[in-house]
Amino acid sequence: MTVVATGIGSMPGEDATAYAEALRLALGETPDLPFLPELPGRGAPASMTGRALAVVAELGADLQPAGWRLTDAPGVDHRRARSLLAQDLDLLEEQAQGFTGRLKAQVAGPWTLAATVERPKGDRVLADHGARRELAQALAEGLRDHVADLRRRVPGADLLVQVDEPALPAVLAGGVPTASGLHRHRTVHPPEASQALEWVFAAVREAGAPPVAHCCAADAPVDLLLGAGAQGVSVDLDVLRVGAYDALAGALEKGHAVMLGVVPATDPVTPPNDDAVTERVLRVLDMLGLDPQTAGDLVVTPSCGLAGAGAAWARRALALSERVARNLSTA
3 MTVVATGIGS MPGEDATAYA EALRLALGET PDLPFLPELP GRGAPASMTG
53 RALAVVAELG ADLQPAGWRL TDAPGVDHRR ARSLLAQDLD LLEEQAQGFT
103 GRLKAQVAGP WTLAATVERP KGDRVLADHG ARRELAQALA EGLRDHVADL
153 RRRVPGADLL VQVDEPALPA VLAGGVPTAS GLHRHRTVHP PEASQALEWV
203 FAAVREAGAP PVAHCCAADA PVDLLLGAGA QGVSVDLDVL RVGAYDALAG
253 ALEKGHAVML GVVPATDPVT PPNDDAVTER VLRVLDMLGL DPQTAGDLVV
303 TPSCGLAGAG AAWARRALAL SERVARNLST A
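Counting from 3, one number per residue, gives the positions in the sequence shown under the working numbering.
This is the structure we're talking about:
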């Protein structure tokens, strides 16, 4: 069994100094699969949505009191988001000189964007079939350029792109509130949800990087994500419903990567040790009927992003994930 460790993406911190430290930790504590950190504590331009809008091609956006909204041209906050991403990539290029191996980047997926970004005339993009198609396709096109830029900056990297879809279960269940908060947007049925994901996953593959999908909800739609073209999935074992375990077993048997969130993402009252976490993963594999030595490409992660953790626990959580991965490799 190949087992490595990585972070989900977000890290604590509010300035450039904190970002440099987060990047150093990502490269140093998870050396087999380091990741490009995100620091949402720097404000909306560095949030999951702002970061993805910095990648989106051709569409403009601006920050309104109710959140991000599509516009005819990039507003000051959209330009700030793009500037922050460029600065972060400059720092990655500097710190990763001579790096070889796998490297992970993250971006919000098309349905999470559609559920969090407004149309020019108000209400979520989710409310408009044409707008959500345009946004998904613009994200796909932007990702082609983004992966190419990463490849140029870190030529020795074997890139992996994690597409974050925390809002997807609510989109599928008709649980996303309208702007007024009095109603809910209509359910998006699986075939349509799959199509937008297919555009994004295909763009990542065509750019030369395997896409994996992250959803830390209890009802993460594992089969839908894999069926749309994701080559791996990332889930939070603390909340994942048992009904999704069969899909995880099938994914591992088919050679897909499975990222298991098993380390607390915020400061725990009693921090677990690596032996306890290792044993937990082994119990899950046994429940799935999988032999640890033949279970496929397994990745150990914190349960979700570490933005809400203290700096000391963020460092410790990554180190713990790495120790658990090493334990599992020899189990």
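Glycine included, each C-beta is placed from N, C-alpha and C at the ideal position.
Delimiting residues of the beta strand (DSSP E) encompassing residue i
i, result
"S236", "234-238"
"R71", "69-73"
"D64", "62-66"
"Q164", "159-166"
"G263", "259-265"
"P171", "Looking at the DSSP string, P171 is not in any beta strand (DSSP E); the run it does join, the alpha helix (DSSP H), is 170-175."
beta-carbon residue i near the ligand MN non-hydrogen atom, thresh 7 Å
i, result
"M50", "In terms of ligand content, the structure shown is empty, and the ligand MN therefore cannot be addressed."
Reference residue i; option with closest CA among the options
i, options, result
"G30", "D238, L322, A46, A63", "L322"
"P168", "D288, T73, A56, A116", "A116"
"L249", "T8, L226, T189, V149", "Checking the sequence, you will find Ala at residue 249 rather than Leu. The option with the nearest alpha carbon to A249 is L226."
"L284", "L239, A68, K106", "L239"
"R53", "P122, A107, P273", "A107"
"C306", "A198, I10, R126", "I10"
"L91", "G245, N275, A56, A211", "A56"
"P42", "A68, D64, S12", "S12"
"G245", "P223, G100, G210, V264", "P223"
"R154", "Q197, Q66, Q99, E136", "Q99"
"P36", "E136, A333, N329, V301", "V301"
"A22", "Q89, L141, L145", "Q89"
"F101", "E60, G158, L141", "G158"
"R135", "L145, D147, G124, W113", "W113"
"L72", "P122, D276, D293", "P122"
Residues of its chain near residue i, where Cβ-Cβ distance is below 7 Å and the 5 sequence neighbours each way are ignored
i, result
"L228", "V235, A253, H258"
"L25", "P39, L93, L94, Q97"
"G69", "T118, E120"
"A211", "V149, L161, L162, V163"
N- and C-terminal bounds of the alpha helix (DSSP H) containing residue i
i, result
"T280", "276-289"
"A133", "131-155"
"R44", "Run containing R44: none; DSSP gives neither H nor E here."
"E324", "313-331"
"G2", "Past the boundaries of the shown model lies residue 2; the chain is included only from 3 to 333, so the question cannot be answered."
Assigned secondary structure, residue i (DSSP; H/G/I helix, E/B strand, else coil)
i, result
"Q99", "coil"
"H191", "coil"
"P304", "strand"
"R243", "coil"
"M50", "helix"
"L35", "coil"
"P122", "coil"
"L105", "strand"
"S196", "helix"
"V6", "strand"
"P273", "coil"
"H216", "strand"
"S182", "coil"
"D248", "helix"
"D299", "strand"
"A209", "coil"
"A56", "helix"
"A2", "Residue numbering for the chain in the displayed model covers 3 to 333; residue 2 lies beyond these limits and cannot be assessed."
Nonlocal neighbours in the same chain, by C-beta distance under 8 Å from residue i, ignoring five residues either side
i, result
"G231", "L199, E200, F203, A204, R207, P213"
"R186", "G176, G177, V178, P179, T180"
"T32", "V6, A7, T8, G9, L320, S323, E324"
"G310", "P14, A267, T268"
"R81", "none"
Contacting residues, own chain, Cβ-Cβ under 6 Å from residue i (five flanking each side not counted)
i, result
"L86", "P47, A48"
"H216", "Q164, D166, S236"
"V241", "A220"
Beta-carbon separation (whole angstroms), residue i vs residue j, contact threshold 8 Å
i, j, result
"D166", "G111", "6 Å"
"V190", "C218", "20 Å between Cβ atoms; not a contact."
"V173", "L128", "7 Å"
"V149", "A209", "4 Å"
"A63", "G45", "So it is not a contact: roughly 15 Å between Cβ atoms."
"V265", "V286", "Actually they are not in contact, since the Cβ atoms of V265 and V286 sit about 14 Å apart, beyond 8 Å."
"D34", "G103", "7 Å"
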